[in-house]
Every structure is written in structure tokens, then in C-alpha cells.
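According to my numbering, the sequence shown is numbered sequentially starting from 975.
Note that CB positions come from ideal geometry on N, CA and C, so glycine has one too.
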Amino acid sequence: MKRLLWVLIATMLMVAPSLAQTSKDITIPEFRQVLVDVGSFIDAQKGTDFARQFQAIDDESLLKLYPAVPNGRQFQTLVGKLKHQKFGVRSGKQARPEFNGLSPLVATPACGAPDTIVQNGGSCTPSYPDPTDGAWQFMVGPPIGYVDTNGIPAFSPTDYADVSSQGCSLDAEVTLQQVFVILSAVVNSASPFCNIIPAPFNALCWAPVGAIEIANSILGGFFQDCLEQDALVNGAKIDAAFQNTVTIDSDLGKSTATLAGDINTSTTILGTDISALDTHLTNVDNHVAAEFVTLNANLLADYLALTNQLTQGQAQLDATLKQIMKLQLEPSGLTKIVPAILTCTGTNCPNVLNKCPAAGCSWNNVGPLP
975 MKRLLWVLIA
985 TMLMVAPSLA
995 QTSKDITIPE
1005 FRQVLVDVGS
1015 FIDAQKGTDF
1025 ARQFQAIDDE
1035 SLLKLYPAVP
1045 NGRQFQTLVG
1055 KLKHQKFGVR
1065 SGKQARPEFN
1075 GLSPLVATPA
1085 CGAPDTIVQN
1095 GGSCTPSYPD
1105 PTDGAWQFMV
1115 GPPIGYVDTN
1125 GIPAFSPTDY
1135 ADVSSQGCSL
1145 DAEVTLQQVF
1155 VILSAVVNSA
1165 SPFCNIIPAP
1175 FNALCWAPVG
1185 AIEIANSILG
1195 GFFQDCLEQD
1205 ALVNGAKIDA
1215 AFQNTVTIDS
1225 DLGKSTATLA
1235 GDINTSTTIL
1245 GTDISALDTH
1255 LTNVDNHVAA
1265 EFVTLNANLL
1275 ADYLALTNQL
1285 TQGQAQLDAT
1295 LKQIMKLQLE
1305 PSGLTKIVPA
1315 ILTCTGTNCP
1325 NVLNKCPAAG
1335 CSWNNVGPLP
């Protein structure tokens, strides 16, 4: 028995690394507290007892586990984000929603016609996870309580209906993923020296490692739940975007066909209107031409009438002047006006000087005398 104990002690001394403190290192008590904080976070979500188990890990075991942590300070900071978070009431002691195999995985709204636009806040929303589905509630239950150091929740706190349309926050995903990676390295680093110790004496070596591994598996589950929720939300958005693309393409096709029909109709109407306008212009042209013919005839008639009036007036004026001249040639006692001068109207007036030669007129050579 003593020999086995010496073998155990010698093996631990060989594999235990020296812990030279650097700016990246933390003390063994601080390392224990970090593990306790991880356990507290999981306990608050799952109703487990990891915090007490991690508190009970002895310093010697922690000395062998700690070298697998690449940066103790960073690990402490990451876990600190979990330690100081506000947790929703989602512990394992609480009655969880029952699984309902008949519930749909996604809530597909009544979108009406297939060409409806899918959008948040619209009559047809993306097919986010069904908030009444028990399996989905079980998945997002633990991460709902996680709120990062900036007060930003992983999901909308305690409100499943809001969570269904949200992805897990980047801070939540990164923190859970980094803590999971570090604890996985811690667990893997313990395997060589725990396997060296023969059974059943290696039980004490495996006990804390097993507790860390189980707790880390739960953290990994939280991380995968965040990724799955992101995938469900992104899938709903991608599906909505595809549906909207189809709808827009269909509407554009309909609009193009309608536009083509409208253009054809407008072309036909325009052709009819142009033909009617052409007929109307032809009628107007004919009417204007007829009016010009009539106007020309009227102007010509008026011109001829005016010309005749001028001719008659000039003839009457000439006849009157000749009568005056004849009176000048007659003796005072014998002067007499030719009666026709008083009643003639123009060319019908008599020429009372019809015998007056071109060389001059005289009493004996004038025309009819009194």
C-alpha cells in the first residue's frame, strides 16, 4: 500500500509543472474561484451542484489542471462576464414546458396571397421559431438569462415571443465559446497523468476532471443552442428574402405585361385619334378652301362693282363738266342745260360737246345749241 502511495506521489511530482507567475497567470485560489464561478453560472441555469464540487477540488489537482489554461487572466475575465450576469428564472428545478410533438417547429403566419411581401411588423412576418413550441422553449431557456456586461441580453429576457425573432448576441456566443475551449483543454490535459495512476487509485484524479468535463459539456450545449437559434432566425430571414424576391420578380413580370398591354392599347387609341385628327384636318382644309373660293368671288364681285361705280361716277363727272363748259360758250340769254344731264347716272350721260373739235370749241362748233 505504501509503495502505491509513493508511486502516486512520484508521478504527481513528475507531471506537475512549475507555476512561474506572469502577467497572464492567476493564483491557484483564483483558479479555483474561476471554476466555482463557472459552476455557479451553470447551477443557476440547470439547478446543478457544480459550484460546491469545484470548491472542494484540492490545490494539488488544480496545480495539474491550471497549466492547460493559456491565459489565466483572460479566462478569469471571460468567466467574470458569467459571474456578474443577471439570470432569468430558468433553473432545472423549475418545471420546464412539456415537449409537444404536434407543435410546428416554426410559426408560419397566414400570409394570404402567395405574392405577399414578408417583413417584420407587416401582415406577413418571417417564419421565426414558434414561441409556443415546447422543444424550442427548452433549447433557449438557459441562454435567456444571460445578459452581457454591457447590459445586452443573449436573448430578450423571459419573453419567448420576442426571443423567437432574435439571434444570440455576439458577446454571449464568444464568451461561451471561449470558456468552452479553455475548459476542454483543461480536461484533455488531465488525461495523461490520470491514466498513469492505476485503478482504483486514479478515481481521486478523475473526480474533479469529470465534474469539469460535465460542466463544460453543458456550456457547450449553451453555445450550440445560441448557434442553433441564430440559424433558425437567419433561415427565416433568408426564406423571407427569397419569397420577397419571387414576389417582386412576379410583380415586375405582371407590371411589364400590363405596361405592354397599356402601350398596345394606347397605340391603338393613338392611331384612332391620329386618324380622326387627320380626317378633321382634311375637313377643315376643305372648308377653308371653300371659304377662300367664296371670299374670292365676293371680293371680285365687290371689286367689279366698285370699279363700275367709279367708272359711272367719272363718266357722270365728265358729262357735268362738259355741260358747264358748254354753258360758258353760250350767250347769256341763250344758255340752257341739256335735260338729260340732270337725270343721267354715268356712261348714259350725253356728251353736250360732241361737236367740239380737238383744236378748240366755239359757238358754231360745239354741239347741240339751244
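Contacting residues, own chain, Cβ-Cβ under 7 Å from residue i (five flanking each side not counted)
i       : result
ILE1192 : ILE1016, LYS1020
TRP1180 : CYS1168
ASP1023 : ASP1017
SER1224 : ASP1089
LEU1327 : LYS1296, MET1299, LYS1300, CYS1335, VAL1340, GLY1341
ASN1218 : ILE1091, VAL1092
GLU1202 : MET1113
LYS1329 : ASN1339, VAL1340, GLY1341
CB-CB length for residue i against residue j, believed under 8 Å
i       : j       : result
VAL1153 : ILE1186 : Not quite, the Cβ-Cβ distance comes to about 11 Å (not below 8 Å), so this is no contact.
PRO1100 : ASP1213 : 7 Å
PRO1103 : TRP1110 : 5 Å
THR949  : ALA1289 : Since the first residue of the chain shown is 975 and the last is 1344, residue 949 is not available in this structure.
PHE1197 : LEU1150 : 4 Å
VAL1012 : ALA1189 : 6 Å
LEU1039 : ALA1164 : 6 Å
ILE1156 : PHE1049 : 5 Å
LEU1037 : ILE1000 : Wrong, their Cβ atoms sit about 13 Å apart, outside the cutoff.
PHE1005 : GLY1046 : 7 Å
SER1143 : PRO1166 : Not really, about 37 Å apart at Cβ, beyond 8 Å.
Continuous alpha helix (DSSP H) stretch holding residue i: start and end
i       : result
ALA1042 : Here ALA1042 belongs to no alpha helix (DSSP H), and DSSP marks it neither H nor E.
ALA1135 : 1134-1137
ILE1118 : 1108-1118
ASP1023 : Run containing ASP1023: none; DSSP gives neither H nor E here.
Proximal residues to residue i (C-beta, below 6 Å), its chain only, five neighbours per side dropped
i       : result
ALA1135 : PRO1105
GLY1334 : none
SER1014 : ALA1025
SER1035 : PRO1182
LEU1301 : THR1309
GLY1141 : ASP1204, VAL1207
LEU1056 : PHE1015
ALA1210 : PRO1100, SER1101, TYR1102
LEU1009 : PHE1028
ILE1031 : PRO1182
Near the ligand MG: residue i beta-carbon under 7 Å from a heavy atom
i       : result
SER1158 : The ligand content of the structure shown is nil, which means the ligand MG is not present either.
Contact set for residue i: own chain, Cβ-Cβ below 8 Å, skip 5 residues either direction
i       : result
ILE1243 : none
PRO1331 : ASN1339
LEU1284 : none
THR1319 : GLN1286, GLN1290
LEU1343 : GLU1304, LEU1308, TRP1337
ASN1325 : ALA1293, LYS1296, GLY1341
GLY1227 : none
ASN1094 : PRO1100, SER1139
ILE1311 : GLN1297, LEU1301
ILE1315 : ALA1293, THR1294, GLN1297, CYS1323, PRO1324, VAL1326
* Would you mind listing the alpha helix (DSSP H) stretches within the region 1234-1272 that are 4+ residues and don't spill past its ends, in chain order? => none
* Scan the region 1268-1331 and note each continuous beta strand (DSSP E) run of 3 residues or more that stays entirely inside, going in chain order. => none
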